[in-house]
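Enquirer: In our numbering, the protein residues as written are 113 to 1062. Cβ atoms here follow ideal geometry from the backbone N, Cα and C, with glycine treated the same way.
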Amino acid sequence: MDYNFSELEPRWQNWWREHGVYHVDNAGDASRPNGGNASPKPHYYVLDMFPYPSGAGLHVGHPLGYIASDIYARYKRLRGYNVLHPMGYDAYGLPAEQYAIQTGQHPAVTTEKNIARYREQLDKIGFSFDWDREVRTCDPKYYKWTQWTFLQLFKHYYDNTAAKALPIAQLEAHFAKQGTEGLDAACTEEMHFTAAEWNGWDAVKRSQVLMNYRLAYLADTYVNWCADLGTVLANDEVVGGLSVRGGYPVERKLMRQWSLRISAYAQRLVDGLEQVDWTDSLKEIQRNWIGRSEGAAVWFPLSDKSDISFEIFTTRPDTIFGVTFMVLCPEHELIEQITTPEKRDEVMQYVTWAKNRSERERQAEVKKVSGVFTGAFAVNPLTEEKIPIYVSDYVLAGYGTGAIMAVPAHDSRDFAFARHFNLPIRQVVSLEKGVTSDPATWSESLDAKTGYSVNSGFVSGMKVKEAMAAVIDKIEEMGIGHRTVNYRLRDAIFSRQRYWGEPFPIYYKGGVPCPLPEECLPLELPEVDDFKPTATGEPPLGHAKKWAWDEKNRCVVEKEKIDDVTVFPLELSTMPGFAGSSGYYLRYMDPGNDKEYFGKDAVGYWQNVDLYVGGAEHGTGHLIYARFWNKFLYDIGLAVKEEPFQKLINQGMIQGRSNFVYRSKADNNLFVSKGLVKSMDDVTPIHVDINIVDNDVLDVEKFRQWRPEFADARFELEDGKYVCGWEVEKMSKSMYNVQNPDDLVARYGADTLRLYEMFLGPVEQAKPWDTNGIEGVHRFLKKFWRLFEGLSDESAAKEELKVLHQTIKKITDDVERFSFNTCVSTFMICANTLTDMKCGKREVLEPLVVLMAPFAPHIAEELWHQLGHEESVCDAQWPVCDDRYLVEDTVKYPVQFNGKMRFTVDLPATCTQDEAIAAIKAMPEGQKWMDGKEPRKVIFVPKKIINIVL
RNA sequence: GCUCUGGUGGUGGAAUGGUAGACACGAGGGACUUAAAAUCCCUUGCCCGCAAGGGCGUGUGGGUUCAAGUCCCACCCGGAGUACCA
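1) Which value, in whole angstroms, describes the spacing of the CA atoms of W661 and A858?
2) Can you tell me which of the three DSSP states Y193 falls into?
3) Can you find the residues in the same chain that come closer than 8 Å, C-beta to C-beta, to D505, ignoring five residues on each side of it along the sequence?
4) When the Cα atoms are used, what is the spatial distance from L159 to F757?
5) Let me know the secondary structure DSSP gives N77 once reduced to three states.
6) Distance, Cα to Cα, P145 vs Y717?
7) I674 by DSSP, collapsed to three states: which one?
8) From T1016 to D1001, what does the alpha carbon distance come to, in whole angstroms?
9) Among F266, Q978, R189, V1003, which one has its Cα closest to the Cα of P617?
10) Examine the Cβ distances between the stretch 784-798 and the stretch 197-213 and report whether three or more of them are shorter than 8 Å.
11) Reducing DSSP to helix, strand and coil, say where D925 ends up.
12) Can you name, in chain order, every residue of its own chain whose Cβ lies under 7 Å from the Cβ of G1044, other than the five neighbours on each side?
13) Please state whether DSSP places T261 in a helix, a strand or coil.
14) Give the single residue among Q918, P634, G512, Y696 whose Cα lies nearest to the Cα of R602.
15) With DSSP as the reference, label C667 as helix, strand or coil.
16) Taking the CB atoms as reference points, tell me whether T945 and K895 lie closer together than 9 Å.
17) Alpha carbon to alpha carbon, how far is Y269 from L283? Give it in angstroms, no decimals.
18) Any idea which residues DSSP pairs Q1008 with across the strands?
19) Excluding the 5 residues preceding and the 5 following N347 in the sequence, name in chain order all residues of the same chain whose CB lies nearer than 6 Å to its CB.
20) What would DSSP say about G1044, mapped onto helix, strand or coil?
21) Report back the beta-carbon spacing between L916 and P959 to the nearest angstrom; my notes put them in contact at under 8 Å.
22) Put S904 into one of helix, strand or coil per three-state DSSP.
23) Which residues in the same chain as A212 place their Cβ atom closer than 8 Å to its Cβ, once the five residues preceding and following it in sequence are excluded?
24) Figure out for me which residue from Y184, K395, P634 has the closest Cα to the Cα of D251.
25) Taking only three categories from DSSP, how would you classify Q767?
26) Using only the alpha-carbon positions, how far apart do E448 and Y502 sit?
27) Answer yes or no: do T1050 and I1060 have a C-beta to C-beta separation smaller than 9 Å?
28) Roughly how many angstroms separate the alpha carbons of A943 and E973, rounded to a whole number?
29) Please go through the stretch 724-787 and give each complete beta strand (DSSP E) segment of 3 or more residues, from N-terminal end onward.
30) In the DSSP output, which residue or residues are listed as bridge partners for W411?
31) Please list the segments of the beta strand (DSSP E) lying wholly inside the stretch 790-826, counting only runs of 3 or more residues, in order along the chain.
32) Which runs of the beta strand (DSSP E) spanning at least 3 residues fall entirely within the stretch 590-614, listed in chain order?
33) In this structure, does DSSP put R404 in helix, strand or coil?
34) Going by DSSP, which residues form a beta bridge with W554?
35) Helix or strand or just coil, what does DSSP make of L372?
36) Opposite D706 in the DSSP bridges: which residues?
Below, the structure is given as structure tokens:
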């Protein structure tokens, strides 16, 4: 019987579903249908980044990571683990809403449709997902807990002393007792007040103060406003001044928005990277994004109004003797106060200009120097020198204090500014002790943190590192500054002026945001008749008729009923895409729970994700948010591990491989085969659909049918074939290089697709999709199948068992290190060898089926049952390598002379160095290369190599 | 600019300091067949040579080592991240 994948694959997929083969229980969890499985099995959690179900469906790049994780999940299960391997959908998002604006189709409808399509595609590939645990971020039963977490964030603040989140009530108690005295908490701006002041304030004032501390807070902040999307965006959603989604321009704008005080967790987010098993490059991406830098905060007083001073941050306190000017960012609040009357117009003009520039203009003109003198002077606290204060947009409002001390000799930006405005440049660091030169002759500043201080008072002669410490000590002693750490990481803007997202469980009572009672969650997304902003510029929820909170009856009511007595307006923004994806991995542990986010037993059992697989593009977004979310849930006692993802693998992007035909410029109907193109100037390359090209050979008939304008195309063929050119590009519709997995499953079967995706190369590496090799993998499966046609119960020969155990060893090692491409090769080698040996012994083939099961589950399940088993191969036992079968009597030694390999020699495994040399001397080849000389040195590595140095 | 990656046949890739190119694809040749599909066999890094054999080869140049694709230094090229972060 032939290998009939198209019959066998759907049959087993049904069987798995009917038998609930992929259903997973939490140990001892009585809420599960079968009362829980209290097995002593160790647990293992394998997770894929869940997909956003786009309208285009899956292409061949999406399942790459899913296949890898599925192999590992199945492998772990065969090794006796209780494996959690769930899947769901990141179902809220911009594209569905943009589509709704264009077509009027409700996002819920398109999302539902897209999910169905994704599911259909996923099912065909034979994954071992436990679909009973599916989550969708747009499902009220799910987003109830997203909203709930938001409320907890709203109700907590971050206590730096305790280094964790604590309830707001505790903060209120602190204020009532001692004001801000003794408080070290993360906040938007430093506040100082007494208990008496606090106790005297009314509820509105108190709520404003508390807002300064809440982990989810409402504040006027500079946000990334994208007019085309009609919403604000988080920093990681903007690249180069354009929105990641859609590529629309983004500008800075001061707006009142919800934010998450993720910066409070910056240090823990850095520290946590030490505990996880991620690639160095990904950890580096996160470290860069968090951008921790150590330095000093120093107060500089004004020279004429010494009661006014302002704080700067510097990483180079050692260069304080080289400060020749100060710079404030255009948004700095002191500008108004300090600018001298005669400079006022000029400064205000500059500030207005700088503030109105778009992000993109600013970034595009980084090299251009601009700025203006305020007329005011500061005093260098260490030198008592009077130094001018400038305003320039190269100082950013969002970092540090928005003010700097400029040391042009040792900072390239300050250097450029000084050169432009003709400001003095003073050298205070030199590479060689005491050796200086005239900075006027320099072409660039000396930025390196190495060398020695010069011209620097009491630190002159010290090494830079020592000088830094000495200056900080001095500043602290003088009480004008202190050692400090700054982070680049900004708080995450959490509002979106959008429809298709989680509504905030917040209503406004006299302008004061109030949380909905937790028992009233979820606050369901209302219906609107228009997905665009309202005429007055409100977000789409402004169109909702029933969108007000009745405090008394605790329910959502019609907007007309708003009286600001018992019925109040609800928040009109919705949450961003990362809200729902930040904690989904925890929900999978206990997806049906309607009392809690997830049960204590469930999280106690599964702990955290052992293996997380997904794209590296989430390095600065999702992976930061999720870690933050998890740490917060850890602080409030829900999560049990501080880091959510123990090990993480980034699957490489699959690029498209485009094919081209070459149209003659002289004859618009003539297409020249690639080998016959003399010069690319004579032809126009045209993208051609890869589905009508096979091994770079064009199907000319299909090409004529492909598009009407090619109906009577003529071809210049080589060897009777039209050969196409190719190039690696992004996989996209417009390049006609999108490969749909369904087509391949139909043609070769899911097992072939799975093996082929793995065979393509290392999972983590980016690689072009090229269908050319898929035949080889398919041939292998047919060969493997044929081995079973000669199935016999005879006992296997030693040599046959050796092949088996070599394979067991190699596959086990390679799966452990996620080297799935070499696993496929190993299977091929094994099948080739056994075919040559004509080995159909059950003793050999049965364990082999188990080894294959994670990779090609359908064929494995079929053969497993043909071998007489009733249970699924998923629950078989992973074979163990027995080293006894691997011992060799003889070893084929490569023999090197002076490090160059010359020939090989078969020697007994027990051979000693002297015996080996004697044997080599006895051989004609040995004599030839010895050339009558005696070895000066011999390196003999038993069972590896012999190197003779002459 | 900075950080991280990667650079090996015609192609995808293998090689965890020890025979570079496993395993595949493609290409060439052959067997079976009326023919095709399927299957099987041989050749296939480059150069010299009929062959036996030899030389050269992992981006470039140095180095460490008995031995380097692998480790170290410098440089060149591609990809990704980030970008006035004081």
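Expert: Working from what's here:
1) In the first sequence, the residue the question calls residue 661 occupies position 549. In the first sequence, the residue the question calls residue 858 occupies position 746. Whole-angstrom Cα-Cα distance: 53 Å.
2) Your numbering for residue 193 matches position 81 in the first sequence. DSSP places Y193 in coil when its eight states are reduced to three.
3) Taking the first sequence and counting its residues from 1, one reaches residue 505 at position 393. So the qualifying residues of the chain are C441, P442, A466, R469, R474, S482, G483.
4) Mapped onto the first sequence, residue 159 falls at position 47. Mapped onto the first sequence, residue 757 falls at position 645. L159 and F757: Cα-Cα distance of roughly 9 Å.
5) Shown here, the chain extends from 113 to 1062; a query on residue 77 therefore has no answer.
6) If you number the first sequence from 1, residue 145 lands on position 33. If you number the first sequence from 1, residue 717 lands on position 605. Per-residue confidence for P145 stands at a pLDDT of 49, beneath the threshold of 50, marking its modelled position as unreliable; the derived number appears in the next sentence. Approximately 17 Å, taken between the alpha carbons.
7) Walking along the first sequence from the start, residue 674 turns up at place 562. Coil.
8) The residue labelled residue 1016 in the question sits at position 904 within the first sequence. The residue labelled residue 1001 in the question sits at position 889 within the first sequence. Rounded to whole angstroms, T1016 to D1001 spans 16 Å at the Cα level.
9) To locate residue 617, count along the first sequence from 1; it is residue 505. For the residues F266, Q978, R189, V1003, the minimum Cα distance to P617 belongs to F266.
10) no
11) Residue numbering aside, residue 925 sits at position 813 when the first sequence is read from its first letter. Of the three classes helix, strand and coil, the one that applies to D925 here is helix, per DSSP.
12) Against the first sequence, residue 1044 aligns to sequence position 932. Excluding sequence neighbours, G1044 sits near nothing in its chain.
13) Walking along the first sequence from the start, residue 261 turns up at place 149. It is helical.
14) Here residue 602 corresponds to residue number 490 of the first sequence, with the count starting at 1. Nearest C-alpha to R602: G512.
15) If you number the first sequence from 1, residue 667 lands on position 555. Looking at C667 - three-state DSSP - the assignment turns out to be strand.
16) As a working note, residue 945 is residue 833 in the first sequence. As a working note, residue 895 is residue 783 in the first sequence. Going by C-beta atoms, T945 is not nearer than 9 Å to K895.
17) Locating residue 283 in the first sequence gives position 171, where the first residue counts as 1. Locating residue 269 in the first sequence gives position 157, where the first residue counts as 1. Looking at the two C-alpha atoms, the distance is approximately 8 Å.
18) Locating residue 1008 in the first sequence gives position 896, where the first residue counts as 1. For Q1008, which the question treats as bridged, DSSP gives the partners M1013, N1059.
19) For the purposes of this step, residue 347 is taken as the residue at position 235 of the first sequence. Hits under 6 Å: R602.
20) Your numbering for residue 1044 matches position 932 in the first sequence. The answer is coil: DSSP assigns G1044 none of H, G, I, E or B.
21) The residue given as residue 916 occupies position 804 in the first sequence. The residue given as residue 959 occupies position 847 in the first sequence. With a Cβ gap of about 6 Å, L916 and P959 count as contacting.
22) Start at 1 with the first residue of the first sequence, and residue 904 comes out as number 792. Correct three-state label for S904: strand.
23) Numbered from its first residue, the first sequence carries residue 212 at position 100. Same-chain partners within the cutoff: H218, P219, T222, Y611, W612, F643.
24) Numbered from 1 along the first sequence, position 139 holds the residue referred to as residue 251. Closest option to D251, Cα to Cα, is P634.
25) On the first sequence, position 655 is the one that residue 767 refers to. Q767 falls in the strand class under three-state DSSP.
26) Along the first sequence, read from residue 1 onward, the residue named residue 448 stands at position 336. Along the first sequence, read from residue 1 onward, the residue named residue 502 stands at position 390. Spanning the two alpha carbons is a distance of roughly 13 Å.
27) Counted from its first residue, the first sequence places residue 1050 at position 938. Counted from its first residue, the first sequence places residue 1060 at position 948. Residue identity differs from the one stated: residue 1050 is Val in this sequence, not Thr. Contact flag set, yes.
28) Within the first sequence, the letter at position 831 stands for residue 943. Within the first sequence, the letter at position 861 stands for residue 973. Straight-line Cα distance between these residues: approximately 18 Å.
29) 757-762, 766-776, 782-784
30) Walking along the first sequence from the start, residue 411 turns up at place 299. W411 is bridged to E423.
31) 795-800
32) 593-599
33) Counting from 1 along the first sequence, the entry for residue 404 is found at position 292. Three-state DSSP puts R404 in a strand.
34) The count along the first sequence starts at 1 and reaches residue 554 at position 442. DSSP lists no partner for W554.
35) As a working mapping, residue 372 is identified with position 260 in the first sequence. L372 falls in the strand class under three-state DSSP.
36) Start at 1 with the first residue of the first sequence, and residue 706 comes out as number 594. BP columns for D706 are empty, so no partner.
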